[in-house]
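See structure below.
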Amino acid sequence: MDIVIGILIPFLGTAIGASMVFFMKNSLSKKVEKILLGFASGVMIAASIWSLLIPAINMAEEQGRIAWIPAVIGFVLGIFFLLIIDLTVPHLEGGKEKGIKSKLNKNTMLVLAVTLHNIPEGMAVGVVFAGVLAANTGVTIAGAFALAIGIAIQNFPEGAIISMPLKSAGMPKSKAFIYGVLSGIVEPIAAFITLLLTNSIVPVLPYLLSFAAGAMIYVVVDELIPESQKGELSSLGTIGVTIGFLLMMVLDVTLG
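Numbering (this note's numbering), first residue to last: 831 to 1086.
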(Lines of atoms letter the chains of each structure in order from A and count residues from 1; the text may use other names and numbers.)
(Lines give C-alpha, C1' and ligand atoms only; values in the text may rest on other atoms or scores of the structure.)
Protein backbone atom coordinates (compact mmCIF):
# COMPACT_ATOMS: atom_id res chain seq x y z
CA MET A 1 0.00 0.00 0.00
CA ASP A 2 2.86 2.37 0.86
CA ILE A 3 4.38 1.84 -2.58
CA VAL A 4 1.06 2.54 -4.34
CA ILE A 5 0.77 5.82 -2.42
CA GLY A 6 4.39 6.63 -3.20
CA ILE A 7 4.07 6.29 -6.96
CA LEU A 8 0.86 8.39 -6.95
CA ILE A 9 2.39 11.34 -5.06
CA PRO A 10 4.13 12.95 -8.12
CA PHE A 11 0.87 12.75 -10.08
CA LEU A 12 -0.90 14.58 -7.25
CA GLY A 13 1.57 17.46 -7.61
CA THR A 14 0.74 17.82 -11.32
CA ALA A 15 -3.01 17.65 -10.66
CA ILE A 16 -2.84 20.36 -7.98
CA GLY A 17 -0.80 22.55 -10.33
CA ALA A 18 -3.30 22.03 -13.15
CA SER A 19 -6.14 22.99 -10.81
CA MET A 20 -4.76 26.54 -10.66
CA VAL A 21 -6.67 27.10 -13.92
CA PHE A 22 -9.91 27.30 -11.90
CA PHE A 23 -8.61 30.44 -10.19
CA MET A 24 -8.04 32.19 -13.53
CA LYS A 25 -10.34 34.89 -14.81
CA ASN A 26 -11.56 34.91 -18.41
CA SER A 27 -8.12 35.13 -20.01
CA LEU A 28 -4.52 35.98 -19.22
CA SER A 29 -3.45 39.57 -19.69
CA LYS A 30 -0.61 40.14 -22.14
CA LYS A 31 1.77 40.91 -19.27
CA VAL A 32 0.89 37.73 -17.38
CA GLU A 33 1.08 35.66 -20.57
CA LYS A 34 4.62 36.96 -21.27
CA ILE A 35 5.73 36.18 -17.72
CA LEU A 36 4.10 32.72 -17.80
CA LEU A 37 5.72 31.83 -21.14
CA GLY A 38 9.09 32.90 -19.79
CA PHE A 39 8.45 31.07 -16.50
CA ALA A 40 7.58 27.87 -18.36
CA SER A 41 10.79 28.24 -20.39
CA GLY A 42 12.91 28.66 -17.27
CA VAL A 43 11.27 25.71 -15.52
CA MET A 44 11.80 23.45 -18.53
CA ILE A 45 15.44 24.49 -19.07
CA ALA A 46 16.31 23.85 -15.41
CA ALA A 47 14.37 20.56 -15.35
CA SER A 48 16.16 19.43 -18.50
CA ILE A 49 19.53 20.01 -16.86
CA TRP A 50 19.08 18.95 -13.24
CA SER A 51 16.20 16.45 -13.50
CA LEU A 52 17.18 14.79 -16.77
CA LEU A 53 20.64 15.37 -18.29
CA ILE A 54 22.76 15.33 -15.12
CA PRO A 55 21.01 12.20 -13.75
CA ALA A 56 21.40 10.56 -17.19
CA ILE A 57 25.15 11.29 -17.22
CA ASN A 58 25.59 10.09 -13.64
CA MET A 59 23.57 6.94 -14.29
CA ALA A 60 25.55 6.10 -17.44
CA GLU A 61 28.79 6.56 -15.50
CA GLU A 62 27.55 4.23 -12.76
CA GLN A 63 26.72 1.66 -15.45
CA GLY A 64 30.35 1.76 -16.62
CA ARG A 65 29.62 3.55 -19.92
CA ILE A 66 31.17 6.65 -21.45
CA ALA A 67 29.07 9.11 -19.47
CA TRP A 68 28.14 11.62 -22.18
CA ILE A 69 27.21 9.22 -25.00
CA PRO A 70 23.68 8.25 -23.82
CA ALA A 71 23.02 11.93 -23.00
CA VAL A 72 24.03 13.08 -26.48
CA ILE A 73 22.16 10.32 -28.33
CA GLY A 74 18.98 10.67 -26.27
CA PHE A 75 19.04 14.48 -26.49
CA VAL A 76 19.43 14.49 -30.28
CA LEU A 77 16.65 11.93 -30.68
CA GLY A 78 14.37 14.05 -28.50
CA ILE A 79 15.09 17.15 -30.62
CA PHE A 80 14.43 15.30 -33.88
CA PHE A 81 11.28 13.65 -32.53
CA LEU A 82 9.71 17.05 -31.76
CA LEU A 83 11.07 18.50 -35.01
CA ILE A 84 9.30 15.82 -37.04
CA ILE A 85 6.06 16.39 -35.12
CA ASP A 86 6.35 20.14 -35.62
CA LEU A 87 6.91 19.75 -39.36
CA THR A 88 3.93 17.42 -39.75
CA VAL A 89 1.45 19.59 -37.79
CA PRO A 90 -0.38 21.80 -40.31
CA HIS A 91 0.04 25.56 -39.86
CA LEU A 92 -2.88 27.55 -41.19
CA GLU A 93 -2.18 30.96 -42.69
CA GLY A 94 -4.31 34.06 -42.73
CA GLY A 95 -6.09 36.29 -40.27
CA LYS A 96 -7.52 35.32 -36.94
CA GLU A 97 -7.50 31.62 -37.78
CA LYS A 98 -3.71 31.63 -37.88
CA GLY A 99 -3.44 33.23 -34.44
CA ILE A 100 -5.73 30.68 -32.80
CA LYS A 101 -4.07 27.78 -34.60
CA SER A 102 -0.55 28.88 -33.71
CA LYS A 103 -1.55 29.25 -30.03
CA LEU A 104 -3.09 25.78 -29.97
CA ASN A 105 -0.09 24.31 -31.78
CA LYS A 106 2.30 25.90 -29.29
CA ASN A 107 0.27 24.56 -26.35
CA THR A 108 0.01 21.10 -27.93
CA MET A 109 3.80 20.99 -28.19
CA LEU A 110 4.08 22.12 -24.56
CA VAL A 111 1.71 19.37 -23.38
CA LEU A 112 3.67 16.76 -25.36
CA ALA A 113 7.05 17.93 -24.06
CA VAL A 114 5.99 17.97 -20.40
CA THR A 115 4.30 14.58 -20.81
CA LEU A 116 7.48 13.10 -22.29
CA HIS A 117 9.44 14.63 -19.41
CA ASN A 118 7.08 13.01 -16.89
CA ILE A 119 7.63 9.49 -18.25
CA PRO A 120 11.29 9.11 -17.18
CA GLU A 121 10.48 10.88 -13.88
CA GLY A 122 7.85 8.22 -13.23
CA MET A 123 10.36 5.54 -14.18
CA ALA A 124 12.87 7.03 -11.73
CA VAL A 125 10.27 6.76 -8.95
CA GLY A 126 9.58 3.17 -10.00
CA VAL A 127 13.29 2.30 -9.88
CA VAL A 128 13.62 3.72 -6.34
CA PHE A 129 10.60 1.84 -5.01
CA ALA A 130 11.87 -1.30 -6.75
CA GLY A 131 15.03 -0.80 -4.71
CA VAL A 132 12.91 -0.70 -1.55
CA LEU A 133 11.25 -4.00 -2.52
CA ALA A 134 14.64 -5.59 -3.22
CA ALA A 135 15.57 -4.86 0.43
CA ASN A 136 19.33 -5.15 -0.16
CA THR A 137 20.02 -2.02 -2.21
CA GLY A 138 20.39 0.51 0.61
CA VAL A 139 17.30 2.39 -0.55
CA THR A 140 14.93 3.15 2.35
CA ILE A 141 11.18 3.72 2.18
CA ALA A 142 11.77 7.19 3.67
CA GLY A 143 14.26 8.02 0.93
CA ALA A 144 11.88 6.79 -1.76
CA PHE A 145 9.06 8.95 -0.37
CA ALA A 146 11.40 11.94 -0.21
CA LEU A 147 12.12 11.55 -3.93
CA ALA A 148 8.41 11.18 -4.75
CA ILE A 149 7.50 14.30 -2.73
CA GLY A 150 10.37 16.24 -4.34
CA ILE A 151 9.12 15.36 -7.83
CA ALA A 152 5.55 16.25 -6.79
CA ILE A 153 6.68 19.74 -5.76
CA GLN A 154 8.54 20.11 -9.06
CA ASN A 155 5.40 18.98 -10.92
CA PHE A 156 3.21 21.71 -9.41
CA PRO A 157 4.43 24.52 -11.73
CA GLU A 158 4.46 22.10 -14.67
CA GLY A 159 0.75 21.33 -14.22
CA ALA A 160 0.01 25.06 -14.08
CA ILE A 161 2.04 25.95 -17.18
CA ILE A 162 -0.03 23.45 -19.19
CA SER A 163 -3.57 24.19 -18.03
CA MET A 164 -3.38 28.00 -17.78
CA PRO A 165 -2.13 28.72 -21.35
CA LEU A 166 -4.73 26.29 -22.72
CA LYS A 167 -7.47 28.25 -20.96
CA SER A 168 -5.99 31.49 -22.30
CA ALA A 169 -6.12 30.02 -25.84
CA GLY A 170 -9.88 29.58 -25.50
CA MET A 171 -10.24 26.09 -24.01
CA PRO A 172 -12.83 25.60 -21.21
CA LYS A 173 -11.33 25.47 -17.71
CA SER A 174 -12.47 21.89 -17.10
CA LYS A 175 -10.91 20.66 -20.34
CA ALA A 176 -7.67 22.60 -19.72
CA PHE A 177 -7.52 21.01 -16.25
CA ILE A 178 -8.00 17.54 -17.73
CA TYR A 179 -5.15 18.10 -20.20
CA GLY A 180 -2.90 19.21 -17.34
CA VAL A 181 -3.84 16.14 -15.31
CA LEU A 182 -3.36 13.78 -18.26
CA SER A 183 0.19 15.08 -18.75
CA GLY A 184 0.94 13.76 -15.25
CA ILE A 185 -0.98 10.47 -15.33
CA VAL A 186 1.89 8.94 -17.30
CA GLU A 187 4.08 9.15 -14.17
CA PRO A 188 2.36 6.51 -12.01
CA ILE A 189 1.84 4.36 -15.12
CA ALA A 190 5.54 4.54 -15.97
CA ALA A 191 6.44 3.91 -12.31
CA PHE A 192 4.26 0.79 -12.15
CA ILE A 193 5.64 -0.61 -15.41
CA THR A 194 9.18 0.06 -14.18
CA LEU A 195 8.46 -1.80 -10.95
CA LEU A 196 7.52 -4.83 -13.06
CA LEU A 197 10.38 -4.50 -15.55
CA THR A 198 13.16 -2.85 -13.53
CA ASN A 199 15.99 -5.05 -14.76
CA SER A 200 15.08 -4.47 -18.41
CA ILE A 201 14.43 -0.70 -18.25
CA VAL A 202 17.30 0.52 -16.07
CA PRO A 203 20.00 0.07 -18.79
CA VAL A 204 18.14 2.41 -21.22
CA LEU A 205 17.00 4.95 -18.61
CA PRO A 206 19.87 7.40 -19.38
CA TYR A 207 18.70 7.53 -23.02
CA LEU A 208 15.06 8.08 -21.96
CA LEU A 209 16.00 10.87 -19.55
CA SER A 210 18.04 12.63 -22.25
CA PHE A 211 15.33 12.09 -24.85
CA ALA A 212 12.87 13.96 -22.63
CA ALA A 213 15.44 16.74 -22.11
CA GLY A 214 15.85 17.17 -25.88
CA ALA A 215 12.09 17.34 -26.37
CA MET A 216 11.71 20.01 -23.70
CA ILE A 217 14.58 22.16 -24.98
CA TYR A 218 13.14 22.01 -28.51
CA VAL A 219 9.80 23.40 -27.30
CA VAL A 220 11.55 26.12 -25.28
CA VAL A 221 13.74 27.28 -28.17
CA ASP A 222 11.24 26.85 -31.00
CA GLU A 223 7.98 27.90 -29.35
CA LEU A 224 8.08 29.44 -25.88
CA ILE A 225 11.01 31.88 -25.88
CA PRO A 226 10.22 33.33 -29.36
CA GLU A 227 6.60 33.83 -28.25
CA SER A 228 7.65 35.49 -24.98
CA GLN A 229 10.00 37.88 -26.82
CA LYS A 230 7.53 38.84 -29.57
CA GLY A 231 6.38 42.47 -29.70
CA GLU A 232 6.35 44.71 -26.63
CA LEU A 233 6.98 43.72 -23.01
CA SER A 234 9.69 41.22 -23.98
CA SER A 235 11.58 42.05 -20.78
CA LEU A 236 8.73 40.43 -18.81
CA GLY A 237 9.42 37.18 -20.65
CA THR A 238 13.10 37.43 -19.66
CA ILE A 239 12.14 38.03 -16.02
CA GLY A 240 9.83 34.99 -16.20
CA VAL A 241 12.67 32.80 -17.53
CA THR A 242 14.90 33.91 -14.65
CA ILE A 243 12.27 33.21 -11.99
CA GLY A 244 11.29 29.84 -13.48
CA PHE A 245 14.90 28.70 -13.93
CA LEU A 246 15.97 29.68 -10.40
CA LEU A 247 12.87 28.17 -8.78
CA MET A 248 13.23 24.85 -10.60
CA MET A 249 16.99 24.74 -10.00
CA VAL A 250 16.50 25.22 -6.26
CA LEU A 251 13.74 22.58 -6.15
CA ASP A 252 15.81 20.10 -8.15
CA VAL A 253 19.00 20.59 -6.14
CA THR A 254 17.25 20.69 -2.78
CA LEU A 255 14.73 17.90 -3.30
CA GLY A 256 16.19 15.91 -6.21
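Ideal Cβ positions, reconstructed from N, Cα and C, are used throughout, including at glycine. In this text, all values refer to a predicted model and were calculated from it rather than measured experimentally.
Your pair W898 and I887 checks out as a contact, with CB atoms roughly 6 angstroms apart and the cut at 8 angstroms. The way I'd put it, the segment 983–1000 does touch the segment 846–854; three or more beta-carbon pairs between them come closer than 8 angstroms. In this structure, T1024 places its C-beta atom within 8 angstroms of the C-beta atom of V957. Linking M1079 to P1002 through their CA atoms gives a straight-line distance of about 32 angstroms.
Annotated three-state conformation of E951 is helix, per DSSP. Secondary structure within the segment 997–1074: the alpha helix (DSSP H) runs of 4 or more consecutive residues, fully enclosed, are 1003–1026, 1028–1031, 1035–1049 and 1055–1058 (chain order). Sequence-distant Cβ neighbours of Y1037 in its own chain, meaning closer than 8 angstroms and more than five residues away, are A886, P900, I903, G904 and L907.
By a beta-carbon distance limit of 8 angstroms, E988 contacts V944. Their separation comes to about 5 angstroms. Linking F852 to Q893 through their CA atoms gives a straight-line distance of about 45 angstroms. In this structure, DSSP gives I991 a helical state, which the three-state scheme calls helix. P950 is classed as buried because its beta carbon has at least 16 other beta carbons within 10 Å across all chains shown. For S1013, the closest of I835, A974, G952 and F975 by C-alpha to C-alpha distance is G952. I979 and P840 have their C-alpha atoms some 6 angstroms from each other.
Annotation for V834: the continuous alpha helix (DSSP H) segment containing it runs D832 to A848.
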